[in-house]
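Input: a single structure, listed below in structure tokens.
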């Protein structure tokens, strides 16, 4: 939290981790989290995520997962809607179907 992390590639080895919070950093690419299939709760709030969410959409998570993406305005909403998890927060706040304020995801 507030560590200005930009590279999370080393986290890919933590395959049994169930909860992860990476908030207020400068993370750009989250594709390295795709090997962490045991994640039940993932907080990626207030980062600078621009890529990798589409990679997470291809993952089958082991349990019912809840991912938080609040205040990441650069994530394409199509990538968010493809995720097979419950999503809370997208852009400034979550709307149904992964919509973000000012973006039509229908």
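Residue numbers (UniProt numbering): 1 to 106. Note that the Cβ used here is the ideal one computed from N, Cα and C, for glycine as well. As the structure is a computational prediction, the values presented were derived from the model and not from experiment.
Taking DSSP as the reference, what is the three-state secondary structure of residue 41? Translated into positions along the chain shown, residue 41 becomes position 41. Strand at residue 41.
According to DSSP, is residue 18 part of a helix, a strand, or is it coil? Stepping through the chain shown from its first residue, residue 18 is reached at position 18. Residue 18: coil per DSSP, three-state reduction.
Is the Cβ-Cβ distance between residue 66 and residue 86 less than 8 Å? Sequence index remark: in the chain shown, residue 66 carries index 66 (1-based). Sequence index remark: in the chain shown, residue 86 carries index 86 (1-based). For residue 66 and residue 86, yes; Cβs fall inside 8 Å.
Sub-8 Å separation of residue 5 and residue 32 beta-carbons: On the chain shown, position 5 is the one that residue 5 refers to. On the chain shown, position 32 is the one that residue 32 refers to. Residue 5 places its beta carbon 8 Å or farther from that of residue 32.
According to the neighbour-count rule (16 or more other Cβ atoms, all chains shown, within 10 Å of its Cβ), is residue 52 buried or exposed? One-based indexing of the chain shown puts residue 52 at position 52. Looking at its Cβ environment, which holds 16 or more other Cβ atoms inside 10 Å, residue 52 is buried.
Mind checking which residues open and close the alpha helix (DSSP H) that includes residue 57? In the chain shown, residue 57 corresponds to position 57, counting from 1. Taken as a continuous stretch (DSSP letters only), the alpha helix (DSSP H) holding residue 57 covers 53–57.
Report buried or exposed for residue 25, applying the criterion of at least 16 other Cβ atoms within 10 angstroms of its Cβ. As a working mapping, residue 25 is identified with position 25 in the chain shown. It counts as buried.
Enumerate in chain order the residues of its own chain whose CB-to-CB distance from residue 28 is below 7 Å, with the five nearest sequence positions on each side excluded. For the purposes of this step, residue 28 is taken as the residue at position 28 of the chain shown. So the list reads 6, 48, 49, 50 and 51, once near-sequence residues are dropped.
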